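Numbering (mature numbering (1 follows the signal peptide of the UniProt record, and there is no 0)), first residue to last: -19 to -1, 1 to 117.
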(Lines of atoms letter the chains of each structure in order from A and count residues from 1; the text may use other names and numbers.)
(Lines give C-alpha, C1' and ligand atoms only; values in the text may rest on other atoms or scores of the structure.)
Protein backbone atom coordinates (compact mmCIF):
# COMPACT_ATOMS: atom_id res chain seq x y z
CA UNK A 1 0.00 0.00 0.00
CA UNK A 2 2.88 2.35 0.77
CA UNK A 3 4.41 1.65 -2.65
CA UNK A 4 1.14 2.59 -4.35
CA UNK A 5 0.97 5.82 -2.32
CA UNK A 6 4.55 6.74 -3.27
CA UNK A 7 3.89 5.91 -6.92
CA UNK A 8 0.78 8.10 -7.00
CA UNK A 9 2.66 10.92 -5.30
CA UNK A 10 5.54 10.65 -7.79
CA UNK A 11 3.17 10.60 -10.78
CA UNK A 12 1.26 13.62 -9.53
CA UNK A 13 4.51 15.54 -9.01
CA UNK A 14 5.69 14.65 -12.51
CA UNK A 15 2.37 15.83 -13.97
CA UNK A 16 2.62 19.04 -11.96
CA UNK A 17 6.14 19.76 -13.21
CA UNK A 18 5.22 19.03 -16.83
CA UNK A 19 2.25 21.40 -16.88
CA UNK A 20 4.39 24.46 -16.00
CA UNK A 21 6.21 25.97 -19.00
CA UNK A 22 9.90 26.72 -18.98
CA UNK A 23 10.81 30.02 -17.37
CA UNK A 24 11.34 32.79 -19.90
CA UNK A 25 14.87 33.59 -20.91
CA UNK A 26 16.14 37.12 -20.93
CA UNK A 27 15.76 37.23 -24.71
CA UNK A 28 12.10 36.12 -24.69
CA UNK A 29 11.30 38.58 -21.91
CA UNK A 30 12.91 41.46 -23.84
CA UNK A 31 11.23 40.41 -27.09
CA UNK A 32 7.74 40.28 -25.57
CA UNK A 33 8.24 43.56 -23.68
CA UNK A 34 9.41 45.30 -26.87
CA UNK A 35 6.35 44.09 -28.80
CA UNK A 36 4.00 45.22 -26.04
CA UNK A 37 5.68 48.60 -25.71
CA UNK A 38 5.60 49.26 -29.45
CA UNK A 39 1.86 48.59 -29.40
CA UNK A 40 1.22 50.67 -26.26
CA UNK A 41 3.21 53.63 -27.59
CA UNK A 42 1.22 53.56 -30.83
CA UNK A 43 -2.04 53.48 -28.89
CA UNK A 44 -1.26 56.53 -26.74
CA UNK A 45 -0.36 58.50 -29.88
CA UNK A 46 -3.87 57.82 -31.24
CA UNK A 47 -5.98 58.30 -28.11
CA UNK A 48 -7.90 61.58 -27.90
CA UNK A 49 -6.68 62.55 -24.42
CA UNK A 50 -2.97 62.12 -25.26
CA UNK A 51 -2.84 62.70 -29.03
CA UNK A 52 -2.16 66.44 -28.80
CA UNK A 53 0.90 66.35 -26.58
CA UNK A 54 2.30 63.10 -28.00
CA UNK A 55 2.23 64.51 -31.55
CA UNK A 56 5.84 65.75 -31.43
CA UNK A 57 7.17 62.51 -29.92
CA UNK A 58 8.43 60.14 -32.62
CA UNK A 59 6.81 56.76 -33.10
CA UNK A 60 8.42 53.99 -31.09
CA UNK A 61 9.36 50.88 -33.08
CA UNK A 62 11.44 48.60 -30.91
CA UNK A 63 13.55 45.97 -32.66
CA UNK A 64 15.63 44.13 -30.09
CA UNK A 65 17.99 42.94 -32.82
CA UNK A 66 19.03 46.50 -33.70
CA UNK A 67 22.02 47.90 -31.80
CA UNK A 68 20.49 51.40 -31.95
CA UNK A 69 17.63 50.39 -29.66
CA UNK A 70 19.43 51.43 -26.45
CA UNK A 71 19.98 55.10 -27.45
CA UNK A 72 16.52 55.17 -29.08
CA UNK A 73 14.87 54.12 -25.81
CA UNK A 74 16.98 56.62 -23.85
CA UNK A 75 15.83 59.38 -26.22
CA UNK A 76 12.19 58.32 -25.92
CA UNK A 77 12.32 58.35 -22.11
CA UNK A 78 13.94 61.80 -22.22
CA UNK A 79 11.17 63.10 -24.49
CA UNK A 80 8.38 61.59 -22.39
CA UNK A 81 9.94 63.06 -19.24
CA UNK A 82 9.99 66.43 -21.02
CA UNK A 83 6.20 66.34 -21.33
CA UNK A 84 5.79 67.30 -17.68
CA UNK A 85 4.63 70.80 -18.55
CA UNK A 86 1.80 69.37 -20.64
CA UNK A 87 -1.32 67.90 -19.10
CA UNK A 88 -1.14 64.51 -20.79
CA UNK A 89 2.21 63.73 -19.17
CA UNK A 90 0.33 63.03 -15.99
CA UNK A 91 -2.09 60.55 -17.49
CA UNK A 92 -1.60 57.00 -16.32
CA UNK A 93 -1.00 55.55 -19.79
CA UNK A 94 1.82 57.96 -20.65
CA UNK A 95 3.52 57.33 -17.30
CA UNK A 96 3.15 53.54 -17.69
CA UNK A 97 4.73 53.56 -21.15
CA UNK A 98 7.56 55.83 -20.01
CA UNK A 99 8.31 53.64 -17.01
CA UNK A 100 8.08 50.45 -19.07
CA UNK A 101 10.53 51.80 -21.68
CA UNK A 102 12.87 52.78 -18.85
CA UNK A 103 12.54 49.26 -17.38
CA UNK A 104 13.21 47.60 -20.74
CA UNK A 105 16.25 49.83 -21.21
CA UNK A 106 17.58 48.75 -17.83
CA UNK A 107 16.93 45.07 -18.51
CA UNK A 108 18.66 45.20 -21.88
CA UNK A 109 21.65 47.24 -20.80
CA UNK A 110 22.30 45.58 -17.44
CA UNK A 111 20.60 42.25 -16.85
CA UNK A 112 20.62 40.75 -20.35
CA UNK A 113 23.78 42.41 -21.61
CA UNK A 114 25.64 39.22 -22.55
CA UNK A 115 22.63 37.31 -23.90
CA UNK A 116 21.47 39.70 -26.61
CA UNK A 117 22.90 39.63 -30.12
CA UNK A 118 22.41 42.64 -32.35
CA UNK A 119 22.20 41.70 -36.01
CA UNK A 120 21.95 45.24 -37.40
CA UNK A 121 22.87 48.79 -36.50
CA UNK A 122 20.55 50.65 -38.87
CA UNK A 123 19.27 53.47 -36.67
CA UNK A 124 16.95 54.79 -39.36
CA UNK A 125 15.08 51.46 -39.33
CA UNK A 126 13.82 52.30 -35.83
CA UNK A 127 12.13 55.45 -37.19
CA UNK A 128 9.72 53.59 -39.46
CA UNK A 129 7.42 50.60 -38.97
CA UNK A 130 8.72 47.16 -39.95
CA UNK A 131 7.88 45.90 -43.44
CA UNK A 132 5.62 43.22 -41.96
CA UNK A 133 3.37 45.96 -40.49
CA UNK A 134 2.69 47.56 -43.85
CA UNK A 135 1.09 44.35 -45.16
CA UNK A 136 -1.51 44.25 -42.39
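Glycine included, C-beta positions come from ideal geometry on N, C-alpha and C.
All values derive from a computational prediction rather than experimental measurement.
Which listed residue (the options) has its alpha carbon closest to that of residue i
i, options, result
"residue 60", "24, 90, 95, 82", "82"
"residue 58", "104, 108, 84, 44", "84"
"residue 16", "24, 42, 71", "42"
Straight-line Cα distance separating residue j from residue i
i, j, result
"residue 80", "residue 12", "17 Å"
"residue 37", "residue 73", "19 Å"
"residue 6", "residue 65", "35 Å"
"residue 122", "residue -17", "Nothing in the structure corresponds to residue 122, since the chain is present only between -19 and 117."
"residue 40", "residue 95", "28 Å"
"residue 22", "residue 14", "12 Å"
"residue 147", "residue 27", "As shown, the chain starts at -19 and ends at 117. That puts residue 147 outside it, with no answer to give."
"residue 78", "residue 10", "16 Å"
"residue 104", "residue 63", "22 Å"
"residue 8", "residue 92", "11 Å"
"residue 18", "residue 44", "11 Å"
"residue 109", "residue 20", "14 Å"
Sequence-distant residues of the same chain with beta carbon closer than 8 Å to residue i, five excluded per side
i, result
"residue 51", "86, 89, 90"
"residue 46", "98, 99, 100, 101"
Contact set for residue i: own chain, Cβ-Cβ below 6 Å, skip 5 residues either direction
i, result
"residue 53", "107"
"residue 48", "99, 102"
Sequence-distant residues of its chain with Cβ nearer than 7 Å to residue i (five each side left out)
i, result
"residue 25", "31, 35, 74, 75, 78"
Does the contact criterion of 3 or more C-beta pairs under 8 Å hold for the region 26 to 37 versus the region 96 to 111?
No, because fewer than three Cβ pairs between the region 26 to 37 and the region 96 to 111 fall closer than 8 Å, the two stretches do not touch.
Scan the region 67 to 93 and note each continuous alpha helix (DSSP H) run of 4 residues or more that stays entirely inside, going in chain order.
73 to 87
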